[in-house]
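In our numbering, the protein residues as written are 1229 to 1475.
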Ligand code: SF4
């Protein structure tokens, strides 16, 4: 599909935000799937499974569940051979663990039967797998196949892109499509890492730290009630832990 060029003023504004965030997140905790991918960038299966586990689940829980599951089974055929109840026990307490266990088992069986035990590398093929939506497929394509043509939109990216005023959308899928029009392709592979890290540390769903936010001069704060400013509070800077590997 041919995309229109991003207007120059918009492109400059997005670039300024992305550069500031790139600098600011150096030292912050990486999202769980990025950490797992950092140790296994070529292992699309681990990225796929951990991304499926991560939906509506806190990062430490996703990381621990992924680790337990991969100790029990490292390949699609091995994971497909596990009983659903065993998968449930291994991934508990991730959100919707029963649902995810069923999807994991069926996805692994399909990977073994249809794709030679490998994770496919196209959006169309990935979307045939049970429990795999555009968010998961985009992240697998970016992290494991090195795609520079995809944007992975989760709830953090959806929320922050709207608050920044880059898009005005109602769902993550709408946000993904709007971001292809609103941002330069150079940023597409990084939007998820940058905005998810920002969303976990600064632009949180509730009580975003606007008063301490380095991109505040560039942000429309659409739909945000800046409580820290109204209360005159001075929130602490986000805790710094370790350097991201992909900035
Ligand atoms: S200024 Fe507030 S709403 Fe805008 S990105 Fe920063 S924390 Fe989020």
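For each residue, glycine too, the CB sits at the ideal point set by N, CA and C.
- Between residue 1321 and residue 1289, the C-beta spacing is below 8 Å.
- Counting C-beta atoms within 10 angstroms of its own C-beta, residue 1312 has fewer than 16 neighbours from the protein chains shown and is therefore classed as exposed.
- The ligand SF4 has a heavy atom closer than 7 Å to the beta-carbon of residue 1392.
- When only Cα atoms are considered, residue 1243 and residue 1308 end up about 44 Å apart.
- Residue 1328 counts as buried, since no fewer than 16 other beta carbons sit within 10 angstroms of its beta carbon.
- Note on the segment 1334-1383: whole alpha helix (DSSP H) runs with a minimum of 4 residues are 1351-1354 and 1362-1373, in chain order.
- Within the same chain, no Cβ atom closer than 7 Å to the Cβ of residue 1344 is found once the five residues on either side in sequence are excluded.
- Within the same chain, 1347 come within 6 Å of residue 1273 by CB-CB distance, once the 5 residues on both sides are set aside.
- At a threshold of 7 Å, residue 1244 does not count as near the ligand SF4, since its beta carbon sits no closer than that to any of the ligand's heavy atoms.
- Judged by DSSP secondary structure, residue 1282 falls within the alpha helix (DSSP H) whose first and last residues are 1272-1282.
- In summary, residue 1453 is exposed, with fewer than 16 beta-carbon neighbours lying within 10 Å of its beta-carbon over all protein chains present.
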